[in-house]
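Below: the structure, in structure tokens.
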Amino acid sequence: QQRNVLLHPEFVNGKYMFYTRPMDGFIETGSGGGIGVGFCDDITNAVIDEEIITSRRKYHTITEVKNGAGAVPIKTYMGWIHIAHGVRNTAAGLRYVIYVFATDLKDPTKVIAEPSGFYIAPNGMERVGDVSNVVFTNGAIARENGEVYIYYASSDTRLHVAATTIDRLVDYTFHTPSDPLRSVDCVQQRCDLIRKNLEFIEKQ
37 QQRNVLLHPE FVNGKYMFYT RPMDGFIETG SGGGIGVGFC DDITNAVIDE EIITSRRKYH
97 TITEVKNGAG AVPIKTYMGW IHIAHGVRNT AAGLRYVIYV FATDLKDPTK VIAEPSGFYI
157 APNGMERVGD VSNVVFTNGA IARENGEVYI YYASSDTRLH VAATTIDRLV DYTFHTPSDP
217 LRSVDCVQQR CDLIRKNLEF IEKQ
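Position in the sequence shown counted from 1, then plus 36, gives you our numbering.
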């Protein structure tokens, strides 16, 4: 299932670094696996002997079936921001969404931020097409003026572009809380967010 192999845009310790997707099967709900990282010395014979998992596949989340790299990571002042895809099983079949996470600038194998939930999900007519309920990205452009364009397909039928900025992407990635993975903790997290927002509003 190495169908999402991506080359990191810089050498890491003098080696080529690839993002991989080590999985035994195409559809398998659960935990384990995820987006892997591997290194090699020779790009003409890119054999990866060992893979390190970065963004893990987690049960009962948007990555419970599988997840994989999308666009080449964007280098920011806070870290490498990754725009990836996650797949979950639903009553209507598989649902593909786009999510983000960040890795350390000096050690891109280390995840330093992983917001919960999706960044882009199928909406309206994006849900209809040859393969329904899917959004998937393979490319993004970060311009020198701070603009970011994320190119994504919907339902294997049409191409879209979403516009944002480096600052907004960084703010979302580093200030959206991670998934607590337990219902009671999720409820508490949302109550805390509401309380903090109300306190912020009252100070305005």
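Each residue gets a CB set at the ideal place from its N, CA and C atoms; glycine is no exception.
Here the structure is a predicted model, which is why all the values come from computation and not from measurement.
| field | Alpha-carbon to alpha-carbon, Thr212 and Met114 | value | 14 Å
| request: Please confirm if the segment 106-121 is in contact with the segment 133-144, defined as three or more CB-CB distances below 8 Å between the two stretches. | output: yes
| message | Quick check: the Cα distance between Asp221 and Asn81, rounded to an integer number of angstroms? | response | 46 Å
| request: Could you spell out the range, first to last residue, of the alpha helix (DSSP H) harbouring Val223? | output: Ser219 to Lys239
| query | Is Met53 helix, strand or coil when you go by DSSP? | reply | strand
| said: Could you check whether the Cβ of Arg179 sits closer than 8 Å to any heavy atom belonging to the ligand MG? | reply: As far as ligands go, the structure on display features none, and thus does not contain the ligand MG.
| task | Take Asp192 as the anchor and find which of Phe54, Leu205, Asp166 and Asn233 has the nearest alpha-carbon. | result | Asp166
| query | Whose C-alpha, out of Val73, Ser168 and Leu205, is nearest the C-alpha of Glu87? | reply | Val73
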